[in-house]
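A.B. asks: Dropping the structure in here first, questions after.
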Amino acid sequence: MAVQQEKPGKIDYGDARLTAGLSVFSGAFDAVYHYEGDDLGVVYTKERTVIRLWAPTASEAYVVLYDSWRGQPFRTCNMSRGEHGTWLLQLDGDWAGFYYTYKVLVGEQWNEAVDPYAKAVGVNGDRAYIGDLRAADPDAWPSQKPPLASPHDTVIYEIHVRDATIDPESGISERWRGKFLGLAERGTRGPNGIPTGLDHIADLGVTHVQLLPVADYSTQSVDETARPQSAYNWGYDPKNLQVPEGSYSTDPYDPLARIRELKQLIAACHERGLRVILDVVYNHMYDGYRASLAKLVPGYYFRYKNDGTLSDGSGCGNDLATERPMVRKLIVDSVLHWATAYNVDGFRFDLMGLLDRETMLDIRNKLDELDPSILLLGEGWIMDTELPRSMCANQAQAAVLPGIAQFNDCMRDAIKGDPFEPAKPGFVNGAKERREGIMKGVTGGISYSESIRLFAKEPSQTINYAECHDNYTMWDKLTLSTPEATEETLARMHRLGSAIVLTSQGIPLLHAGQEFMRTKNGVENSYKSPDAINRLDWRRCAERQEDVRYMKRLIALRKAHPAFRLHTADEIRGHLRFEACPPHAVAYTLRDYAGDDPSRHLYILYNAGESHATVALPALGEWRPLFGQSDIEKLHAGQLTVRGICMVVLEVAD
Ligand code: CA
8 MAVQQEKPGK
18 IDYGDARLTA
28 GLSVFSGAFD
38 AVYHYEGDDL
48 GVVYTKERTV
58 IRLWAPTASE
68 AYVVLYDSWR
78 GQPFRTCNMS
88 RGEHGTWLLQ
98 LDGDWAGFYY
108 TYKVLVGEQW
118 NEAVDPYAKA
128 VGVNGDRAYI
138 GDLRAADPDA
148 WPSQKPPLAS
158 PHDTVIYEIH
168 VRDATIDPES
178 GISERWRGKF
188 LGLAERGTRG
198 PNGIPTGLDH
208 IADLGVTHVQ
218 LLPVADYSTQ
228 SVDETARPQS
238 AYNWGYDPKN
248 LQVPEGSYST
258 DPYDPLARIR
268 ELKQLIAACH
278 ERGLRVILDV
288 VYNHMYDGYR
298 ASLAKLVPGY
308 YFRYKNDGTL
318 SDGSGCGNDL
328 ATERPMVRKL
338 IVDSVLHWAT
348 AYNVDGFRFD
358 LMGLLDRETM
368 LDIRNKLDEL
378 DPSILLLGEG
388 WIMDTELPRS
398 MCANQAQAAV
408 LPGIAQFNDC
418 MRDAIKGDPF
428 EPAKPGFVNG
438 AKERREGIMK
448 GVTGGISYSE
458 SIRLFAKEPS
468 QTINYAECHD
478 NYTMWDKLTL
488 STPEATEETL
498 ARMHRLGSAI
508 VLTSQGIPLL
518 HAGQEFMRTK
528 NGVENSYKSP
538 DAINRLDWRR
548 CAERQEDVRY
558 MKRLIALRKA
568 HPAFRLHTAD
578 EIRGHLRFEA
588 CPPHAVAYTL
598 RDYAGDDPSR
608 HLYILYNAGE
618 SHATVALPAL
628 GEWRPLFGQS
638 DIEKLHAGQL
648 TVRGICMVVL
658 EVAD
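All letters in the sequence shown, in the order written, are residues 8 to 661 by the numbering used here.
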């Protein structure tokens, strides 16, 4: 996530230092007001509705009931004090269909806020909704998750709900374009009859679809009441953490529609053999000064600098204080809600390096109890926030974060060059000196040798990628850094970049459209760019079906050969050996039935040199082509000659 949103200035919702006798910043506050119950928010039945709020510093608290998403209050109900800083209200009878907010008195200040535990909301998420949310379950729910034998078998495809289907040439029903249901649609066809949307993704052979944030995000980014064409946003500006975004539903005014339709999308993915990862944003809120959290318990939920202003490691104006027990609880409960109510298969943590380690481990432990095949991955960047780096869930702490994967930016930058210096090339388009970065990716980011080592303890902790939603697409970066290259040469560089990702140890991630060399016309940060920049261009996909087939062959190669998916660092150190090759290439073998591979030995050569390369093959038997045959100029007597800019894989069968 690399988003810079404009934010309004500071506002006070009550003095955090003076309320309730204890400073919210003190450890004593955490001890006295630690509520562990699982009933925060609404517990609804036809007979009664019970609402519990955690707001220790409030001197009075009310539930304001509304009979609509807009208009004046229907009734205001006094809450009574409960245990550990909570407030309780029991409403007898059936309150389905009503909306509510909280109103709290903090010091001299009255604040009205949305329930942080809201599971359903009205349009734009300004009021929470009371009702039986099981009514939003689609038929045959919960869906059956596709099997996943090991996290190493994962191939992730990262996509934005709207991008996937908004293109008029997508062939997706017009009323569903840009919506959850558009991506759930079956049998869609684009130019030349190519499969589009979910059909296209399933056809590639990837195992997981990773959705950019689908939780409710700010009205300032996308107003759910407005025409859908009027604004675009990636959605990294959270408003309600446990509710789907309304603009992706066919009816944002119906609190159940967005829930039902996201579940329909997840079920559709599962039916197509695809697991689903949600991109979750728990590092900051849209507005740290005006968020509901800040109104309910001023000072508690965010990190502050010594001068009293908000910590801003996120670059979005605030950092959530995930290390505080009740913030941690909110995040853990929220993840568990998505995992159970929505039956999802993984979570990608935006700016995970801002979250504290203990919170991430707590999430891993609780998910292991539920379903250990649920993947956790995150951006473990080492960042500045008002919490010591050693306490944060970043790359430097990977050794104590087992079962949590982190993005390998070293590999990404080695492949295509520095993302922030457009003109600088990477390994595939000219930078020989980047070959060691490639080797650090090939080995899954583990400690392979003194010089070839990154953050990972085990290969399942590394996400390899050449591009994602952030920064230039690989195509745009290659175009900017090698302007003299022909279209054909650029395509060869691009294919080599994808080939490196899909043959490396660890977990590969593809950016939607990478298989047809997606371009955003040189836009580096498209978080609010129009559809014309962000949409998946199905005509380009149709024109580049050769490239799509190449990607499918890469994925099939990875799936057919467990040697590319070794489970432990020891196996990698034991079976992977780098081989002699020209300076602008990387060559290695995966020896001796690595990972119980069907081939005895594999030989992999990435030649990034513009002209052909000749290598002497290790004398391990008779080498035969396995992949990239059309790029082999000569294979004879232990010598291999390949064309410029390509990947070739050979095998010794047995
Ligand atoms: Ca929203």
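Ideal Cβ positions, reconstructed from N, Cα and C, are used throughout, including at glycine.
With a 10 Å radius around its C-beta and 16 neighbouring C-beta atoms as the bar for buried, classify I507 as buried or exposed.
C.D. replies: With 16 or more other Cβ atoms inside 10 Å of its own Cβ, I507 counts as buried.
A.B. asks: Cβ of T469 within 7 Å of any heavy atom in ligand 1?
C.D. replies: no
A.B. asks: Give the straight-line distance between the Cα atoms of A274 and L218, rounded to the nearest whole angstrom.
C.D. replies: 14 Å
A.B. asks: Give a single yes or no on whether T257 has its beta carbon closer than 7 Å to a heavy atom of ligand 1.
C.D. replies: Relative to ligand 1, the beta carbon of T257 is positioned no closer than 7 Å to any heavy atom.
A.B. asks: Shortest alpha-carbon distance to S256 belongs to which of A127, L29, A498 and P432?
C.D. replies: A127
A.B. asks: If V655 sits next to D638, beta carbons under 8 Å apart, how far is it from one beta carbon to the other, in whole angstroms?
C.D. replies: 6 Å
A.B. asks: Can you list every residue whose CB sits closer than 7 Å to some heavy atom of ligand 1, going in chain order?
C.D. replies: Cβ-based neighbours of ligand 1 within the cut-off: N131, G132, D223, Y224, S225, T226, V229, E231, K246, E252, G253 and S254.
A.B. asks: Mapping DSSP to helix, strand and coil, what is K641?
C.D. replies: Three-state result, K641: strand.
A.B. asks: Measure the C-alpha to C-alpha separation of A191 and G89 and round it to an integer number of angstroms.
C.D. replies: 44 Å
A.B. asks: With distances taken Cα to Cα, identify the nearest neighbour of T56 among L29, E67 and L98.
C.D. replies: L98
A.B. asks: I believe L461 touches C399 by the beta-carbon criterion, under 8 Å. Please report the beta-carbon distance rounded to the nearest angstrom.
C.D. replies: Rounded, the Cβ-Cβ distance is 17 Å, inconsistent with contact.
A.B. asks: Do L394 and A412 have their C-beta atoms within less than 8 Å of each other?
C.D. replies: Taking 8 Å as the Cβ cut-off, L394 and A412 do not qualify as a contacting pair.
A.B. asks: Counting Cβ pairs, one atom from each stretch, are 3 or more of them under 8 Å apart for the region 167-174 and the region 288-301?
C.D. replies: no
A.B. asks: With G204 as the anchor, note down where its alpha helix (DSSP H) starts and where it stops.
C.D. replies: G204 to L211
A.B. asks: Taking V351 as the reference, which of F434, C276, L516 and K447 has the closest Cα?
C.D. replies: Measuring from the Cα of V351, the nearest candidate turns out to be C276.
A.B. asks: Do you know whose CA, among K373, E440 and T480, lies nearest P426's CA?
C.D. replies: T480
A.B. asks: Just checking, does the region 449-463 make contact with the region 493-505 on the three C-beta pairs under 8 Å criterion?
C.D. replies: no
A.B. asks: Flag this pair as yes or no: are the beta carbons of H518 and C475 separated by less than 8 Å?
C.D. replies: Contact flag set, yes.
A.B. asks: Below 8 Å, how does it come out for the region 619-638 and the region 174-189: are there three or more Cβ pairs, yes or no?
C.D. replies: no
A.B. asks: Identify the continuous alpha helix (DSSP H) that holds C588 and give its terminal residues.
C.D. replies: Careful: C588 lies outside any alpha helix (DSSP H) and carries neither H nor E.
A.B. asks: Return helix, strand or coil for V304, following the three-state DSSP convention.
C.D. replies: coil
A.B. asks: Could you name the residues of the same chain whose beta carbon sits closer than 7 Å to that of N85, not counting the 5 residues immediately before and after it, in chain order?
C.D. replies: Y69
A.B. asks: Nearest-angstrom Cα distance between G444 and A570?
C.D. replies: Using only the alpha carbons, I get a separation of about 20 Å.
A.B. asks: State the DSSP-derived secondary structure class of S87, mapped to helix, strand or coil.
C.D. replies: strand
A.B. asks: Three or more C-beta pairs closer than 8 Å, one from the region 430-443 and one from the region 544-560: is that the case here?
C.D. replies: Put simply, the region 430-443 does not touch the region 544-560. Fewer than three CB pairs are less than 8 Å apart.
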